[in-house]
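Below is one structure, written out as structure tokens, with a few remarks after it.
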Amino acid sequence: MINTLNKYKILFRAILFVSLSGCATLTQKHLQNPYTARCNQLGIVGDLGLEHVITLDNENSSLILPNRFQERVWQHGFTYEEIEIPDFYNRSHYEKNPMEFVSIWNQKAGKTNFVEKQFLTQIPKIDSWEKARYFEALYKAICSSPTKTEELPDNLLNEIGIVKESFAEEQKQWIKTNKNSVKDILEYNDKVRDRRSEQISHEALNKLLDNKVRGYLSKKYPFTKPYLDFNIVSIDGTKAKESFYKLFRALILGRNPNTGFKVELKISSEADKIVWDIENNGEGMIFYFNPFKQSMVVQKVLSRKGLLTSNLDMESSNLAIKQIFPVYWSIPQDSHLDLDFIESIK
Numbered sequence: 001m002i003n004t005l006n007k008y009k010i011l012f013r014a015i016l017f018v019s020l021s022g023c024a025t026l027t028q029k030h031l032q033n034p035y036t037a038r039c040n041q042l043g044i045v046g047d048l049g050l051e052h053v054i055t056l057d058n059e060n061s062s063l064i065l066p067n068r069f070q071e072r073v074w075q076h077g078f079t080y081e082e083i084e085i086p087d088f089y090n091r092s093h094y095e096k097n098p099m100e101f102v103s104i105w106n107q108k109a110g111k112t113n114f115v116e117k118q119f120l121t122q123i124p125k126i127d128s129w130e131k132a133r134y135f136e137a138l139y140k141a142i143c144s145s146p147t148k149t150e151e152l153p154d155n156l157l158n159e160i161g162i163v164k165e166s167f168a169e170e171q172k173q174w175i176k177t178n179k180n181s182v183k184d185i186l187e188y189n190d191k192v193r194d195r196r197s198e199q200i201s202h203e204a205l206n207k208l209l210d211n212k213v214r215g216y217l218s219k220k221y222p223f224t225k226p227y228l229d230f231n232i233v234s235i236d237g238t239k240a241k242e243s244f245y246k247l248f249r250a251l252i253l254g255r256n257p258n259t260g261f262k263v264e265l266k267i268s269s270e271a272d273k274i275v276w277d278i279e280n281n282g283e284g285m286i287f288y289f290n291p292f293k294q295s296m297v298v299q300k301v302l303s304r305k306g307l308l309t310s311n312l313d314m315e316s317s318n319l320a321i322k323q324i325f326p327v328y329w330s331i332p333q334d335s336h337l338d339l340d341f342i343e344s345i346k
């Protein structure tokens, strides 16, 4: 953070709360009649009007704030997670220009706060992540309610100077990133901060991982290849949201990062049906899929304990499908990806 000259911070406190120079009445007026911000233009709005702005002139720099008033000032200054309020400009700017403050209504907290004017009007000039986070917190305070927090929308986020600069640089690095390497994409993900960069890289990563799953199934279990993109349909005719190949994402892509354990994938073909056998310590489930009209229909589900198997009824089968399938079609967390194995899949 950039610290403003102490004389201006002292001065700001004095003008807000001390009637040393006859400004108490003016300050009270601003506290009672705060500026009404328009959330869709917060940070980029033009003229706020002179009636909303308190200007701290260099001529008043001799004002001294008594210690007993220092605690009171922060009751009205907008703070973010107990971090010192960042100054919008650097030191040299304030040596030649006065500071300007505006009172705003903090809807989240239900009170009036003071904030440096430029945070309401000049976010394209924000040049640090500390200031960007401060503006994001300011937006949430102004535009949220006591019961619901409104997130900073992308159209305003992307207007912030440091965000624009960061996105441009991250896109240069993305161009250089090997899109066919999961490791390289993950390394890129660890470095980026812009939401757009994260979205672009995550979409590329998920697409690459899905291609790895499809490639592995096609080579290891070639009898599944014609059906990889078929929709999954439960015994009762309910369609699942994912394609057949995605059902094996977790098993193919994942590994326990602490033990190195990897669950074995068991798929077989029996009389034009695809059989998926899930086993753990002698217990598990067996799913039979029947290809029908661009769908993979779950024909039956068996429960197994040791050498014994039992055919589940429709209700129990549907319950097993709802509980088990979402676990396996989820892409593992980055830390649980079996990177060496994934990179070996061509």
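Anchor point for the sequence shown: position 195 equals 195 in the numbering used here, and the numbering is continuous, going up by one each time.
In this text, a Cβ means the ideal position worked out from N, Cα and C, and glycines have one as well.
- In the DSSP assignment, M285 forms a beta bridge with I278 and S303.
- C-alpha of E203 to C-alpha of N33: approximately 47 angstroms in a straight line.
- Rounded to the nearest whole angstrom, the CA to CA distance from L228 to Y245 is 5 angstroms.
- In this structure, I142 lies near L42, with their beta-carbon atoms less than 8 angstroms apart.
- Distance between K239 and W276, taken at the CA atoms: about 18 angstroms.
- Taking 8 angstroms as the cut-off, the Cβ atoms of N106 and F78 count as close.
- Cβ-Cβ distances below 6 angstroms link L152 to E136 and Y139 in the same chain, with the five nearest sequence neighbours on each side left out; the list follows chain order.
- In the DSSP annotation of this structure, the continuous segment of the beta strand (DSSP E) that includes N311 starts and ends at L308 to N311.
- Across the set K108, G110, K117 and K111, the C-alpha of K117 shows the shortest separation from the C-alpha of M99.
- For T238, no alpha helix (DSSP H) encloses it, and the DSSP letter there is neither H nor E.
- In the structure shown, the three-state DSSP call for Y94 is helix.
- Residue range K111 to E116 is occupied by the beta strand (DSSP E) that includes F114.
- Here the C-alpha atom of E198 lies approximately 46 angstroms from the C-alpha atom of G306.
- Between the segment 307 to 324 and the segment 289 to 297, the count of C-beta pairs closer than 8 angstroms stays below three; the two stretches do not touch.
- Put simply, the backbone Cα of G237 is about 45 angstroms away from that of I175.
- Where K140 is concerned, the enclosing alpha helix (DSSP H) starts and stops at W129 to C143.
- Counted as a single uninterrupted DSSP element, the alpha helix (DSSP H) harbouring I200 occupies residues R195 to K220.
- Taken through DSSP and simplified to helix, strand or coil, Y227 comes out as helix.
- Sequence-distant partners of I160 (beyond 5 residues in either direction) whose C-beta falls short of 8 angstroms from its own C-beta, in its chain, are G43, I123, P124, I126, A132 and F135.
- One thing to note: I321 has its Cβ no nearer than 8 angstroms to the Cβ of S268.
- E315 and Q323 have their C-alpha atoms spaced approximately 12 angstroms apart.
- Rounded to the nearest whole angstrom, the CA to CA distance from L337 to D190 is 15 angstroms.
- Setting aside the 5 residues that flank it on each side, E283 is surrounded in the same chain by R304 and K305, each with a C-beta closer than 7 angstroms to its C-beta; the list follows chain order.
- Of the candidates E170, N113, Y328 and V192, the residue whose Cα lies closest to the Cα of L251 is Y328.
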